[in-house]
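Undergrad: Got a structure for you, written out below as structure tokens; questions coming shortly.
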Amino acid sequence: MPPRGAPTVDQWPDRAERYLDLVGAGDEDGAVALVNRLLDDGVPAERVLLDVISAAQARVGQLWADNQWSVAREHAATAISERAVAAVAARTGTRPYRGRITVACVDGEWHALPGRILAEVLRLRGWRVDYLGANVPGPHLVTHLHQTDADAVALSCMLPTRLPRAHATIAACRAVGVPVIAGGPGFGPDGRHARLLGAGTWVARADTAADDLASGDWPPSTAPDTGVHYASEEYHRLVRRRPELIDASWRRLAAVYPPVADYDQWQRESTLEDLGHIVDFLAAALYVDDPRVFTDFAAWTTQVLAARHVPGVAVTTGMGILHELLSDQPRARHMLTLGMRQVRAVAGDRLTSQRVAA
Amino acid sequence: MASQAPGVETAASSRPALTTVPAATAEIDAHALLAEAGRRLSGSLNERRCLRAVAELAVAHLADGAVVVGPPKGPARAMVRLASGGRVEELASREDDLAQVPGLLAILTSTAPAPSQRLASDAVPTSLLPGGAGQFADLLLVPLPGTAAPGGALLMARRAGRGGFDAHDQSLAVTFARHAGAAVSAATHYREQSETMAVLQAELLPPELASTDRMELAGSYQPAVGGLLVGGDFYDVFPPAGATGSVLVLLGDVCGKGAAAAALTGKVRQTLRALHLVEQNPSTLLRVLNEAMLPRGDDGQFVTLVAGSVIPSDHGRLRMTFATGGHPAPLVLRGDGSVEEVPATGPLIGVLPELRIRTATIDLGPGELCLLYSDGVTEARGGASGIEQYGEQRLRRALGTCHGMPTAATLERLRQLVSDWVHGDLRDDIAMLAVRARSAGSH
Numbered sequence: 017m018p019p020r021g022a023p024t025v026d027q028w029p030d031r032a033e034r035y036l037d038l039v040g041a042g043d044e045d046g047a048v049a050l051v052n053r054l055l056d057d058g059v060p061a062e063r064v065l066l067d068v069i070s071a072a073q074a075r076v077g078q079l080w081a082d083n084q085w086s087v088a089r090e091h092a093a094t095a096i097s098e099r100a101v102a103a104v105a106a107r108t109g110t111r112p113y114r115g116r117i118t119v120a121c122v123d124g125e126w127h128a129l130p131g132r133i134l135a136e137v138l139r140l141r142g143w144r145v146d147y148l149g150a151n152v153p154g155p156h157l158v159t160h161l162h163q164t165d166a167d168a169v170a171l172s173c174m175l176p177t178r179l180p181r182a183h184a185t186i187a188a189c190r191a192v193g194v195p196v197i198a199g200g201p202g203f204g205p206d207g208r209h210a211r212l213l214g215a216g217t218w219v220a221r222a223d224t225a226a227d228d229l230a231s232g233d234w235p236p237s238t239a240p241d242t243g244v245h246y247a248s249e250e251y252h253r254l255v256r257r258r259p260e261l262i263d264a265s266w267r268r269l270a271a272v273y274p275p276v277a278d279y280d281q282w283q284r285e286s287t288l289e290d291l292g293h294i295v296d297f298l299a300a301a302l303y304v305d306d307p308r309v310f311t312d313f314a315a316w317t318t319q320v321l322a323a324r325h326v327p328g329v330a331v332t333t334g335m336g337i338l339h340e341l342l343s344d345q346p347r348a349r350h351m352l353t354l355g356m357r358q359v360r361a362v363a364g365d366r367l368t369s370q371r372v373a374a
Numbered sequence: 440m441a442s443q444a445p446g447v448e449t450a451a452s453s454r455p456a457l458t459t460v461p462a463a464t465a466e467i468d469a470h471a472l473l474a475e476a477g478r479r480l481s482g483s484l485n486e487r488r489c490l491r492a493v494a495e496l497a498v499a500h501l502a503d504g505a506v507v508v509g510p511p512k513g514p515a516r517a518m519v520r521l522a523s524g525g526r527v528e529e530l531a532s533r534e535d536d537l538a539q540v541p542g543l544l545a546i547l548t549s550t551a552p553a554p555s556q557r558l559a560s561d562a563v564p565t566s567l568l569p570g571g572a573g574q575f576a577d578l579l580l581v582p583l584p585g586t587a588a589p590g591g592a593l594l595m596a597r598r599a600g601r602g603g604f605d606a607h608d609q610s611l612a613v614t615f616a617r618h619a620g621a622a623v624s625a626a627t628h629y630r631e632q633s634e635t636m637a638v639l640q641a642e643l644l645p646p647e648l649a650s651t652d653r654m655e656l657a658g659s660y661q662p663a664v665g666g667l668l669v670g671g672d673f674y675d676v677f678p679p680a681g682a683t684g685s686v687l688v689l690l691g692d693v694c695g696k697g698a699a700a701a702a703l704t705g706k707v708r709q710t711l712r713a714l715h716l717v718e719q720n721p722s723t724l725l726r727v728l729n730e731a732m733l734p735r736g737d738d739g740q741f742v743t744l745v746a747g748s749v750i751p752s753d754h755g756r757l758r759m760t761f762a763t764g765g766h767p768a769p770l771v772l773r774g775d776g777s778v779e780e781v782p783a784t785g786p787l788i789g790v791l792p793e794l795r796i797r798t799a800t801i802d803l804g805p806g807e808l809c810l811l812y813s814d815g816v817t818e819a820r821g822g823a824s825g826i827e828q829y830g831e832q833r834l835r836r837a838l839g840t841c842h843g844m845p846t847a848a849t850l851e852r853l854r855q856l857v858s859d860w861v862h863g864d865l866r867d868d869i870a871m872l873a874v875r876a877r878s879a880g881s882h
């Protein structure tokens, strides 16, 4: 029952915009004050978490990708949003009356805010929540599960390169008898890899996760594995060869693109990192045997680089070199071919749209 | 849902049964039951999940209803009930309620093996049974043996028409109950041990850091050993003491890893905490610690440490005086984004009788940050080759890119960069402590 003068739904986007301005300016006090004012005005805490903080955070990621915000600004904004979530949590104590859920980010996953927001939404809906934070190693999670009576684990994974570790974690949770709710785009834009890797289900949003959990058919059962997923031989071979592949790629790159000979240490390291990313996303695509993992990465990278005025050929060159080096890995080569095609398509679209705009 | 048993409290949520009952068959598939029991009971060290699994397995394979009574936990015992087609109920029961079932208390209080027994359908108050009154025709009570301690019990019930528990069923039930009892006992044992460990571990966890109006503090800690929350790295901050009212910040790394190392960090922290009350000079503190740790016999324990006294000075600045013992020197992130190393040096603590310590004093301007870190950061191996150390040069550069970030976000980013460097494969403990002089107007 909102008090008189509560803002209506269509006023929130303005507040979300204002909130984004505040976190972008590094104004922690202002952002927390805005969140408190919304709660004072009777906006439900869950809507503040999702429509203001979470919505702004999605924009923050895009602003970084578009090269409008620096890494430092993005991190500062995220840190402020963590504080804002804490401020909402501090204002809203709900006595737990449902079961107990453990919320964790998969090993190696540092994007903690979506999991944190899920934890708070579940708390608001009456669950007892243990929030373990970013980058939770599998053994820590399993120890926690042995020591608590969790009904389910909510596992957050934002990047597909964490999928092999997510798989190991899901298997460990199931082995101790706790079902896993997967969340985050790391499992695919529609969560398509979550079931493959043994998760009971995948949820796109914190509020739908809470709806599903309340529906009574949850947590999903830990029925015996119907078909266990095993990664292909090509995946294992690629991962074993990673250091050697990156080194060989670097030397070939120097041969086809002479300016790299003059790179300083940091330019060289950043190029090696980029080559490493290509290998890692290729490995993830092989792990779940889905070329879309790699082509989605190709499209995203092309956009991020284009925003920094780096042409698509910088990406296709690296992929082309790997294509040559992986002569004995047909599946990986196929994915690289699709990836290069995707880069050209995205880079071409951008050029066209820029010309049209000009 | 069953009517409430007298004196039985509903303790936890109920949820749907995970398994459904197959059509009643005279011949129970022993292999299927024992295989599933092996899979579900061997993986879990959690008492509650074990008890639920026992109820679910019993109802899926042997009976139409089951009541599982766990080992004693305080004045009550956990009890799980399930009827086929129903939901698992989790309750807490007291011994005087359980006394209403003939033979049950004898099973629950005895450490000696006890036989299974069939009970008449009217021998047990229907309120204790799951799924409503009067529907069961045959009951079988089986001990869940404990290991050298009283265990629990499993009461199974069949509806009329299914046929009673014959000799084959009873023999299978006893075998199943032995597995179940072993799993429940192991889970109970694990719970008791982990409760003890949690108490001991709590003493060794990094402290909560309290920022002041002049000084912002943030810490980051990640032990390498899986499943353990503590390790050989540590940091601490001691409140103002002595005439100058200086705060002491410290970060160190003891020899070794895991629990043994963590225990030694507790000693070092406690020694320094007490010393700081009477002595605030960092180099003197290190000398006294050194004497306290010098080998008595051949225990050969040593520690690397950086200790800094922090005193607020004029114009929002902090004056920090550092002494180090065999530890990486702190780094300073200046207001212009440049990074400097604090030029303090000194040898390992706990090895040599005489310490040659060179202290260094720095002024931290408003907004500037000082980073104390352990060599787990700089010695982390990874990169493109997978074997290269992260190194001080990369750390300095990384710290420089954190210019303008909040203190906690700075540590988070550094930790993330190191984690990416090693591809998540951390081999050593990592500890970081950041001290920032607050800018005017910030809090």
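Heads up: the protein sequence lines correspond to chains A and B, in order.
Quick note on my numbering: the first sequence kicks off at 17 and runs consecutively.
Quick note on my numbering: the second sequence kicks off at 440 and runs consecutively.
Glycine residues also receive a C-beta, built at the ideal position from the N, C-alpha and C atoms.
(1) At 7 Å on the CB atoms, spell out the chain A contacts of B:Gln387, in chain order.
(2) If the cut is a Cβ gap below 9 Å, which residues of chain B does A:Gln94 touch?
(3) What is the residue span of the alpha helix (DSSP H) that B:Ser523 lies within?
(4) With 7 Å as the limit, tell me which residues of the region 176-190 of chain A have their beta carbon closer than that to any beta carbon of chain B; keep them in chain order.
(5) If we call anything under 7 Å between Cβ atoms a contact, is A:Gly199 one with A:Val219?
(6) Along the chain, where does the alpha helix (DSSP H) containing B:Lys696 start, and where does it finish?
(7) Measuring CB atoms only, is the region 840-852 of chain B touching the region 817-829 of chain B, in the sense that at least three cross pairs come out at less than 8 Å?
(8) Any C-beta of chain B sitting closer than 7 Å to the C-beta of A:Pro307?
(9) If you measure from the beta carbon of B:Ser453 to each beta carbon in chain A, is any gap under 7 Å?
(10) For A:Ala120 and chain B, any beta-carbon pair shorter than 7 Å?
(11) Tell me whether B:Phe575 sits in a helix, a strand or coil according to DSSP, three-state version.
(12) In chain B, which residues lie less than 8 Å from A:Arg258 when you measure between Cβ atoms?
(13) Let me know the secondary structure DSSP gives A:Tyr113 once reduced to three states.
(14) Which class does B:Met871 belong to by DSSP, given the choice of helix, strand or coil?
(15) Contact criterion: CB-CB distance below 7 Å. Does A:Gly193 meet it with respect to chain B?
(16) Would you mind sorting A:Trp143 into buried or exposed? The rule is 16 or more other CB atoms within 10 Å of its CB.
(17) Taking the C-alpha atoms as reference points, what is the distance between B:Leu484 and A:Thr159?
(18) Pick out whichever of A:Ala215, A:Ala105, A:Ala210, A:Gly154 has its Cα sitting closest to the Cα of A:Cys121.
(19) Compile a chain-ordered list of the residues in the region 777-790 of chain B whose CB is closer than 7 Å to at least one CB of chain A.
(20) Tell me the DSSP secondary structure of A:Asp312 in three-state form.
(21) For the alpha helix (DSSP H) containing B:Leu803, list its first residue and its last residue.
(22) Verify whether the separation of the beta carbon atoms of A:Val192 and B:Gly482 is less than 7 Å.
(23) Would A:Leu212 and A:Tyr303 be called neighbours here (beta carbons separated by less than 7 Å)?
(24) Report the start-end ranges of each alpha helix (DSSP H) in the region 536-568 of chain B that is 4 residues or longer and not cut off at the edges.
(25) For B:Arg795 and A:Thr311, what's the separation of their Cα atoms in angstroms?
(26) What does B:Ser483 reach in chain A if we use C-beta pairs closer than 7 Å?
(27) Specify, as a first and last residue, the run of the beta strand (DSSP E) that B:Gln661 falls within.
(28) So for A:Phe297, helix, strand or coil by DSSP?
(29) For A:Trp85, count neighbouring C-beta atoms within 10 Å of its own C-beta (all shown protein chains included) and say buried if the count is 16 or more, exposed if not.
(30) So if DSSP puts A:Gly199 in a beta bridge, which residue, or which two residues, is it bridged to?
(31) Answer with yes or no whether the minimum CB distance from B:Gly585 to chain A is below 7 Å.
(32) Just by C-beta distance, which residues in the region 291-321 of chain A are closer than 7 Å to chain B?
(33) Kindly indicate which three-state DSSP category B:Met844 falls into: helix, strand or coil?
(34) Give the single residue among B:Leu537, B:Trp860, B:Gly806, B:Ile869 whose Cα lies nearest to the Cα of A:Glu289.
(35) Can you give me the Cβ contacts of A:Arg349 inside the same chain, cut-off strictly under 8 Å, excluding the 5 residues immediately before and after it?
(36) Determine whether the beta carbon atoms of B:Leu579 and B:Phe604 lie at a separation below 7 Å.
TA: Checking against the coordinates, here is how it stands:
(1) Residue numbering for chain B in the displayed model covers 440 to 882; residue 387 of chain B lies beyond these limits and cannot be assessed.
(2) The sequence as given places Thr at residue 94 of chain A; Gln does not occur at that position. By Cβ distance, chain B contributes Ala848, Glu851.
(3) Segment: none, B:Ser523 is in no alpha helix (DSSP H) and carries neither H nor E.
(4) Taking 7 Å as the upper bound on Cβ-Cβ separation, chain B lies near residues Arg181 of the region 176-190 of chain A.
(5) yes
(6) Here B:Lys696 belongs to no alpha helix (DSSP H), and DSSP marks it neither H nor E.
(7) no
(8) no
(9) Note that B:Ser453 scores a pLDDT of 41, beneath 50, so its modelled location is shaky; the value from the coordinates is reported in the next line. Answer no: the Cβ-Cβ gap between B:Ser453 and chain A never drops below 7 Å.
(10) By this cut-off, A:Ala120 is not an interface position.
(11) Residue state, collapsed to three classes: strand.
(12) Gly825
(13) coil
(14) Shown here, B:Met871 sits in a strand according to DSSP, grouped into three states.
(15) yes
(16) buried
(17) 9 Å
(18) A:Gly154
(19) none
(20) Three-state DSSP puts A:Asp312 in a helix.
(21) Unbroken run through B:Leu803 is the beta strand (DSSP E), 799-803; no alpha helix (DSSP H).
(22) yes
(23) no
(24) 543-548
(25) 59 Å
(26) Val192, Gly193
(27) 654-661
(28) helix
(29) buried
(30) A:Ser172, A:Val219
(31) no
(32) Gly292
(33) coil
(34) B:Trp860
(35) His339, Leu342, Ser343
(36) yes
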